[in-house]
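Student: One structure is given below, represented as structure tokens, and several questions about it will come after.
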Amino acid sequence: MNAPVMQAAVYDRYGPAAEVLRVAEVGRPEPGPGQVRVRMRLSGVNPTDWKSRAGATPRPIDGFQIPHHDGVGVIDAVGDGVDGGRVGQRVWTFLAAASSRFGTAAQWSVLPSRQAVPLPAGASDELGACLGVPAMTAHRCLFADGSVDGKNALVAGGAGAVGHFAIELAKFFGARVATTVSGPQKAELAKQAGADLVVNYRDAGAADQLRGLAAQMDRIVEVALGANLDLDLALSGPGTHIVAYAAEPHDPVLPVRKCMNANVALRFVLLYGVPAKDLDQAAVDISKALQGDALTELPILRFPLDQVAAAQEAVEAGAVGKVVIEIP
Ligand SMILES: NC(=O)c1ccc[n+]([C@@H]2O[C@H](COP(=O)([O-])OP(=O)(O)OC[C@H]3O[C@@H](n4cnc5c(N)ncnc54)[C@H](OP(=O)(O)O)[C@@H]3O)[C@@H](O)[C@H]2O)c1
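Quick note on this note's numbering: the sequence shown kicks off at 38 and runs consecutively.
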């Protein structure tokens with residue numbers, strides 16, 4: 038009997054999306070010990086996916102690589118040591134393609150059981166497919182230095198995927214939230230996410246406007262540290278944690294004296310290196326927020342699997358909203 042196969046987006050070398058990404062038939066994976074197999078419905082695309090495919094941090098490719106960490110689907114098989122009762126659960130995934138060639142842009146993915154998190158009935162497939170990288174990163178940025186209950190948070194770029202979930206998680210867990218955007222369309226998205234104050238960071242008076250929420254922020258979730266450091270320091274003092282999660286084309290020069298004057302703490306986050314126990318706590322908290330109907334979708338841009346290259350190019354071009362791939 039022939040071994041079962043599946044349709045998958047794959048690349049076997051690094052390079053531009055249109056040159057290296059294709060759809061191929063590959064062997065359907067079996068779940069190993071501690072793993073689940075998920076019949077994927079949607080695969081969510083993040084900037085890290087195109088950066089990995091472009092070879093930003095090259096690592097040997099194990100024959101082929103199926104891209105994407107995030108997605109939604111239904112568990113259809115479990116490996117040794119996993120509760121068989123998980124079969125049939127609708128789940129969202131995180132870090133599916135980390136150290137694995139079986140990402141979510143395929144009919145099936147296999148991943149550690151703890152990285153396939155039950156999705157509450159009220160949450161749409163589209164929301165579930167977009168949680169992994171953005172919501173987990175937002176959680177780490179907000180909570181690595183403790184609770185945000187009763188605190189003031191500034192989220193830079195509140196219409197971005199991480200920024201969106203940072204606003205929603207901060208609000209759900211009791212913070213007051215200001216956010217920055219570059220224009221009216223993104224301001225509307227940030228308001229819909231529940232930000233208490235939305236400010237255009239290009240305005241000369243942005244710092245004064247942000248002081249309308251608080252003279253000093255407790256958390257600053259930062260997507261562009263170099264571009265925004267002066268603004269951030271104007272809103273910082275003892276007790277402020279600026280948490281940067283994105284690299285810019287040029288590394289900033291750190292104004293040490295200004296940072297000392299503010300007694301500010303700087304933290305950096307890279308999801309791939311966050312300790313497992315903190316990722317698990319993030320999944321618990323995200324599940325609570327989902328159950329509380331506190332998380333929402335950004336606008337969704339849908340692509341069929343055979344347009345996986347166009348889907349990644351859309352993310353690379355800075356699409357507003359979230360790009361998802363429909364899995365046949
Ligand atoms: N460290 C990690 O583990 C981690 C995890 C997730 C994402 N990331 C990285 O974080 C970045 C954002 O990811 P994403 O998925 O959220 O992307 P996204 O959905 O494209 O959002 C990025 C947002 O940042 C805004 N932005 C750009 N420059 C800004 C500035 N100077 N001030 C305020 N906002 C600014 C953009 O809007 P405007 O340009 O209109 O302002 C956009 O809304 C990417 O570089 C990604 O690779 C890192």
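Even for Gly, the Cβ is constructed at its ideal location relative to N, Cα and C.
#1: From which residue to which residue does the alpha helix (DSSP H) around Asp-86 run?
#2: Does the distance from the CB of Gly-220 to the CB of Asn-237 come in under 8 Å?
#3: Jot down the residue ranges of each uninterrupted beta strand (DSSP E) in the segment 105-150, minimum 3 residues, whole runs only, in chain order.
#4: Within 7 Å: the Cβ of Ala-93 and any heavy atom of ligand 1?
#5: Hey, which unbroken runs of the beta strand (DSSP E) at 3 residues or more fall wholly within the segment 149-208?
#6: Going by C-alpha distance, which of Leu-342, Val-360, Gly-140 and Gly-187 is nearest Phe-101?
#7: Does the segment 193-212 come into contact with the segment 246-264, if we say contact requires no fewer than three beta-carbon pairs (one atom in each stretch) closer than 8 Å?
#8: In chain order, what residues of the same chain lie with their CB nearer than 7 Å to the CB of Ala-319, ignoring the 5 residues before and after it?
#9: Ordered along the chain, which non-local residues of its own chain (more than five positions away) have a Cβ less than 6 Å from that of Lys-223?
#10: From Leu-191, Gly-169, Asp-49 and Ala-244, pick the residue whose C-alpha is nearest to that of Asp-317; which is it?
#11: Going by DSSP in three states, Ala-323 sits in which element: helix, strand or coil?
#12: If Gln-44 sits next to Val-57, beta carbons under 8 Å apart, how far is it from one beta carbon to the other, in whole angstroms?
#13: Quick one: is the Cβ of Ser-161 within less than 7 Å of any heavy atom of ligand 1?
#14: How far does the alpha helix (DSSP H) with Gly-64 in it extend, from its first residue to its last?
#15: Would Val-42 pass as a contact of Gly-64 if the rule is Cβ separation under 8 Å?
#16: DSSP has Gln-72 in a bridge; who is on the other side?
#17: Counting along the chain, where does the alpha helix (DSSP H) carrying Asn-298 start and finish?
#18: If I'm right that Leu-262 touches Pro-289 with Cβ under 8 Å, what's the distance once you round it to whole angstroms?
Tutor: Taking the definition as stated:
#1: 84-91
#2: yes
#3: 107-115, 127-130 and 145-149
#4: no
#5: 153-155 and 189-192
#6: Gly-140
#7: yes
#8: Met-173, His-176 and Arg-177
#9: Ala-196
#10: Gly-169
#11: The residue asked about is misnamed: residue 323 is Ile in this sequence, not Ala. Three-state result, Ile-323: helix.
#12: About 17 Å separates the two Cβ atoms, so there is no contact after all.
#13: no
#14: Gly-64 -> not in any alpha helix (DSSP H); beta strand (DSSP E) instead, spanning 59-64.
#15: yes
#16: Pro-149
#17: 293-299
#18: 6 Å
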